[in-house]
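The structure under discussion appears below in the form of structure tokens.
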Amino acid sequence: MKVVTGKVMSCIDRQASGDCAIPGLLLMEDAGQNAWRSFRTLCREKIDKESKLLFVAGKGNNGGDALVMARAAFSEGFTGAKVVLFASENGESVRLHTKICEGYGLKVLCMEGDKLAVQAAISDADVIFDGIAGTGLKGALRPMAAELVRRINESRALKVAVDIPSGLGDDAFPIAGSVIVRADITLTMELPKLPLFSPEGRKLVGRIVVVPVGFPLGLIAEAEAAAEWFVPEEVQVPELAPWAYKNRRGHLLVIGGAPCTDGAPFLCAMSAASSGAGLVTLMLDDEIFARTPPDRSGIMIRRLDPKFAASVDSVVIGPGWGRNEARLAAFDAVVQHAASGVIDADGITLLGMWLNKNGGRLPGKDGSTRWIVTPHPGEASRLAVSLGLCRDIEEARSMLLTRPWELLPPMAERCNGVIVLKSHISHIASPEGGYEIVEGNNPALGTGGSGDVLAGICGTMLMRGEMAAREAALEAVALHQRAGKHAAEKKGFFTAGQLIEFIGIESYRSAAE
Ligand SMILES: NC(=O)C1=CN([C@@H]2O[C@H](COP(=O)(O)OP(=O)(O)OC[C@H]3O[C@@H](n4cnc5c(N)ncnc54)[C@H](O)[C@@H]3O)[C@@H](O)[C@H]2O)[C@@H](O)CC1
Ligand SMILES: Nc1ncnc2c1ncn2[C@@H]1O[C@H](COP(=O)(O)OP(=O)(O)O)[C@@H](O)[C@H]1O
Ligand SMILES: [K+]
Numbered sequence: 001m002k003v004v005t006g007k008v009m010s011c012i013d014r015q016a017s018g019d020c021a022i023p024g025l026l027l028m029e030d031a032g033q034n035a036w037r038s039f040r041t042l043c044r045e046k047i048d049k050e051s052k053l054l055f056v057a058g059k060g061n062n063g064g065d066a067l068v069m070a071r072a073a074f075s076e077g078f079t080g081a082k083v084v085l086f087a088s089e090n091g092e093s094v095r096l097h098t099k100i101c102e103g104y105g106l107k108v109l110c111m112e113g114d115k116l117a118v119q120a121a122i123s124d125a126d127v128i129f130d131g132i133a134g135t136g137l138k139g140a141l142r143p144m145a146a147e148l149v150r151r152i153n154e155s156r157a158l159k160v161a162v163d164i165p166s167g168l169g170d171d172a173f174p175i176a177g178s179v180i181v182r183a184d185i186t187l188t189m190e191l192p193k194l195p196l197f198s199p200e201g202r203k204l205v206g207r208i209v210v211v212p213v214g215f216p217l218g219l220i221a222e223a224e225a226a227a228e229w230f231v232p233e234e235v236q237v238p239e240l241a242p243w244a245y246k247n248r249r250g251h252l253l254v255i256g257g258a259p260c261t262d263g264a265p266f267l268c269a270m271s272a273a274s275s276g277a278g279l280v281t282l283m284l285d286d287e288i289f290a291r292t293p294p295d296r297s298g299i300m301i302r303r304l305d306p307k308f309a310a311s312v313d314s315v316v317i318g319p320g321w322g323r324n325e326a327r328l329a330a331f332d333a334v335v336q337h338a339a340s341g342v343i344d345a346d347g348i349t350l351l352g353m354w355l356n357k358n359g360g361r362l363p364g365k366d367g368s369t370r371w372i373v374t375p376h377p378g379e380a381s382r383l384a385v386s387l388g389l390c391r392d393i394e395e396a397r398s399m400l401l402t403r404p405w406e407l408l409p410p411m412a413e414r415c416n417g418v419i420v421l422k423s424h425i426s427h428i429a430s431p432e433g434g435y436e437i438v439e440g441n442n443p444a445l446g447t448g449g450s451g452d453v454l455a456g457i458c459g460t461m462l463m464r465g466e467m468a469a470r471e472a473a474l475e476a477v478a479l480h481q482r483a484g485k486h487a488a489e490k491k492g493f494f495t496a497g498q499l500i501e502f503i504g505i506e507s508y509r510s511a512a513e
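Take a look at the structure:
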């Protein structure tokens, strides 16, 4: 689904009411009514007519949406519903809808005049609908609004953000330390907004429900996308022909492992085989090679020889590999010989050193990259600093957690590789443009070695048909998340080794369907 910035959404709003002559109040009516209906469908079991619903409205149209919802709830028989106005001086839509709400018989409190009554209503509420500010927010919330949000966050109520949790917005202010509504559910209008999806933002948003508003379809189709958002189930892995023999499923070379960290490349290799690679060779240092038993369930094991990268379809380089000058030389040889590859873990630090030393970029083919780089936020921060994209680790980390869309595209461009920022929500940026976000939010998948498993899947996907590196990364991330869900359903928490079985099931299910 298309994701837009708040600014683009405001522009759609203006075009709808300008060029398309749709009165703003009409759109607001649909937005509020549909948001109430979506909430009712989602929470049918959680609330009844006795529930104490509190609708909090700021001065702008976000407040207007909340007031339409309040009236819809009241009309349906939720007669205990109350409204809290943030200010006594309000915009036009809030003034009008407040009058209408009063006309219907809803109790309306105002923060400016009735602070104690407002506080009591907040503590008493079962559900609080947050319409303090939406896409019209400028900077971080000012002190009065911040105080109201603090009280809402302290309450025991289910918190439902209207459009976007108040306090979260397009503007570049630090999320950490700012006061922002911590929502359980976000009812976002028409198209999801970009700030909902940063790794920090996603923690504050809860379940995302997209509410249809009824904007003209042409406006929505033409709106500039900031990203595409996927739930893992939506992403399809290309089918494999029933007659596909091992040589058609590709030969992957995994290079990694150092004394004490030799588990990582094995996990990666096993994961590659389970996600559908036809042949997997694992390349190890002499020392590890010497003490490794010859048979590892069908994985071929060789001594380190970077030139062998030319004999396979793709490589994964870096899991548990360590980093030093000798590794850098081997890295250079692999990059020169490989047709395509995945750079993970220690390989990412080596990539930063290699790019700085060579001043070049990863080799592409026919103008497209054939490389995927899979950092977690720590590795991505170090890469950003070593590429000179950020002053220091702190700046890089803050950008990656709150505005990764500003940092990952230049990083992808500088490396000439698809960057997968791994997290509870994964972001994928490509040098050819394009930005994808994949839902995660499964703590069971945050298990030691889970990233090594993902690297193996990425390697397999790079060998699958004519897929571009960007598609391969998207499909690998989605498959990893689907397998993680399936594993959690069956086992609860699990190890990376146990996850591999589910990679096999999910991969086979989607490729053979
Ligand atoms: N056509 C329409 O009217 C539609 C409006 N929609 C709603 O309208 C919202 C956008 O409305 P607006 O553009 O009026 O803006 P908002 O209502 O999102 O926010 C503006 C209000 O927040 C206050 N504010 C701004 N920065 C602040 C800060 N730093 N601290 C404290 N208060 C601050 C302003 O005083 C202003 O009253 C969307 O989020 C959405 O909820 C959508 O539902 C779609 C239809
Ligand atoms: N809460 C979570 N929800 C979904 N996926 C997660 C979560 N936490 C971590 N992950 C995934 O687990 C993997 C962890 O990778 P990484 O940090 O490299 O771990 P390791 O170094 O142990 O392999 C990433 O793919 C990440 O997206
Ligand atoms: K809001």
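For the record, in the sequence shown the residue sitting at position 328 is 328 according to full-length UniProt numbering, with numbers rising by one throughout. Yeah, the Cβ is synthetic: ideal placement off N, Cα and C, and Gly gets one too.
Taken in chain order, the whole beta strand (DSSP E) runs of length 3 or more contained in the stretch 294 to 362 are 300 to 303, 314 to 317 and 341 to 343. Excluding five sequence positions before and after Ile208, the CB atoms of its chain that fall closer than 7 Å to its own CB belong to Thr186, Thr188, Pro192 and Leu196, given in chain order. Counting along the chain, no beta strand (DSSP E) covers His376, and no H or E run does either. Relative to ligand 1, the beta carbon of Asp163 is positioned inside 6 Å of a heavy atom. Excluding the 5 residues flanking it on each side, Arg370 has same chain C-beta neighbours closer than 6 Å at Ser340 and Ala469, in chain order.
For the pair Asn356 and Ile393, the Cα-to-Cα distance works out to about 17 Å. Around the CB of Ser311, fewer than 16 other CB atoms lie within 10 Å, so the residue is classed as exposed. If you draw a straight line from the Cα of Tyr435 to the Cα of Ile419, it comes to about 10 Å.
Between Gly80 and Lys52, the C-beta gap is smaller than 7 Å, which places the two residues in contact. The three-state secondary structure of Trp243, taken from DSSP, is coil. The beta carbons of Asp346 and Arg382 sit no closer together than 7 Å.
The beta carbon of Gly201 sits closer than 6 Å to those of Leu168 and Pro195, all from its chain and outside the five residues before and after it, given in chain order. In chain order, Pro431 place their CB closer than 7 Å to the CB of Glu413, counting only its own chain and leaving out the 5 sequence neighbours on each side.
Taking C-alpha positions only, Val68 is separated from Asn62 by approximately 10 Å. Residue pairing of Asp48 in beta bridges, as defined by DSSP: absent, with no partner found. Residue side-chain check: Lys491 keeps its Cβ at 6 Å or more from all non-hydrogen atoms of ligand 1.
In this structure, the CA atom of Ala272 is about 34 Å from the CA atom of Cys390. Scanning its chain for C-beta atoms nearer than 8 Å, with the 5 sequence neighbours on each side dropped, one finds around Glu234 the residues Ala478, in chain order. Proximity of the stretch 452 to 459 to the stretch 496 to 507 meets the contact definition, three or more beta-carbon pairs being nearer than 8 Å. Taking 7 Å as the cut-off, the Cβ atoms of Ile343 and Val373 count as close.
Within the stretch 5 to 65, the complete beta strand (DSSP E) runs of at least 3 residues fall at 53 to 57. Pro306 is a Cβ neighbour of Ala333, given a cutoff of 7 Å. The stretch 114 to 123 makes no contact with the stretch 87 to 103, as fewer than three CB pairs between them are under 8 Å. Met270 and Ala277 have their alpha carbons spaced roughly 10 Å apart.
Using a 10 angstroms sphere on the CB of Lys59, the tally of other CB atoms reaches 16 or more, which defines it as buried. Going by DSSP, Lys490 is part of the alpha helix (DSSP H) stretching over Ala469 to Lys491. Around the beta carbon of Trp405, 16 or more other beta carbons sit within 10 angstroms, so the residue counts as buried.
With a cut-off of 6 Å, the C-beta of Pro199 is classified as distant from ligand 2, since no heavy atom of the ligand falls inside that distance.
A residue is called buried when at least 16 other Cβ atoms come within 10 angstroms of its Cβ; Cys415 meets this threshold and is buried.
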